[in-house]
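Going by the numbering used here, the sequence shown opens with residue 445, and the numbers climb by one from there.
Heads up: the structure comes next, in structure tokens.
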Amino acid sequence: IVFLTGLAGLLLIAFRGITDKLIPLFAVGAFLAFTLSQAGMVQHWRRNAADKGSGKGRAGAALGINAVGAVATSIALCVILIAKFKEGAWITVLIIPALFSLFLAIRRHYDWVAAQTRCPHPLDLSDSRPVVVVVPFGGWDLTTERALRYALRLSPDVLGVHVSVTGDAPPGEKDDKSDDQKQTREQEDVKRLWARDVEGPVKAAGLPPPRLEIVPSPYRRVIRPLVAFIKTLSDQYPGRIIAVVVPELVETRWWEMLLHNHLATALKAALLLSGLQRVVVINVPWYLKDTQARPAPQE
């Protein structure tokens, strides 16, 4: 509908709003539709005609009527197309075949996708090893907590991945030796947080604790080091599914959504375009209204 609306608007602009000049286009389109519909009914009666009895006679009569209609409308179409060619009917000679080719290309694409995704065998459970779950996080908050709780329900093999972006400057550009100290302190803080808020409760629950991986990023990037780490992880676990659990904030207003989840969106796009066929991405939403509804923690 939007495409047809835009096309109609372009035609009005091209003909400067003079609708009389659009009549030849309408006539060609109308009689082309009549011709195609009549020809389609002829094909219908040929395929579905009764084999015997009075039904065959009725089908033959209907086929004849539709055939006459198809011939009549096709003759009228040719006359209008020739007579009004210079008045704008030539546009239909370009647009209609182009649209027809586009629709055929779309149909071929859908057929190709159906052939690629067709499953000729029943459910294959030969490889039932648990997935390797990766939870990227920047800090400890409610979104990370929910993502980890979900990940621990998926698999006993869970990795929390933190990208350390307070590392050194690129080689040759380092001008402050305190960057090493900042990186060390930041990594130690993350390790202490992980041991206190993640490993401790998980061990107390009798579950295998998730591992912590800290990925240094000397160029202060996040997406590229994460994707490189996941590629390396995929090589370390051949044949295993790598599930990347991405926590996301969900706002109640659409314009507030523009303020969040930039890194999550970029990470999902990078993983989907990386060509890693054993990597799946799982969104774990956190609705901010849940936070607003919670009472303040008691001290």
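Glycine included, every Cβ here is placed at the ideal spot set by N, Cα and C.
Here the structure is a predicted model, which means the values were calculated and not measured.
- Judged by their CB atoms, L521 and T479 are nearer to each other than the 9 Å cut-off.
- Per DSSP, G604 lies in no alpha helix (DSSP H); the unbroken beta strand (DSSP E) holding it starts and ends at 602-608.
- Going by C-alpha positions, E632 is about 10 Å away from W638.
- The segment 536-543 makes no contact with the segment 635-651, as fewer than three CB pairs between them are under 8 Å.
- Taking C-alpha positions only, G683 is separated from L717 by approximately 20 Å.
- In this structure, the straight-line span from the alpha carbon of T676 to that of L702 is close to 32 Å.
- Per DSSP, reduced to three states, the secondary structure at N510 is helical.
- Taking the Cα of A483 as reference, the smallest distance to any Cα among F470, A471, A506, P468 is reached at A506.
- Of the candidates Y663, A549, D568, P669, the residue whose Cα lies closest to the Cα of E657 is P669.
- Excluding residues up to 5 positions away in sequence, S661, R664, R665, V666 lie with their Cβ nearer than 8 Å to the Cβ of V609 in the same chain.
- When the Cα atoms are used, W730 and R590 turn out to be separated by approximately 8 Å.
- Three or more pairs of CB atoms, one per stretch, sit closer than 8 Å, so the segment 514-534 contacts the segment 466-473.
- Within 10 angstroms of the beta-carbon of G604 lie 16 or more other beta-carbons, which makes it buried.
- Residue burial is scored here from C-beta neighbours: P653 has at least 16 other C-beta atoms within 10 angstroms and is therefore classed as buried.
- Nearest C-alpha to P691 among D679, E700, H704: H704.
- A straight-line Cα-Cα distance of about 19 Å links V689 and L651.
- Straight across, the Cα-Cα distance linking A477 with F459 is about 23 Å.
- S678 counts as buried, since no fewer than 16 other beta carbons sit within 10 angstroms of its beta carbon.
- Around the beta carbon of P600, fewer than 16 other beta carbons sit within 10 angstroms, so the residue counts as exposed.
- A straight line joining the alpha-carbon of R636 with that of E643 spans about 10 Å.
- In summary, H706 is exposed, with fewer than 16 beta-carbon neighbours lying within 10 Å of its beta-carbon over all protein chains present.
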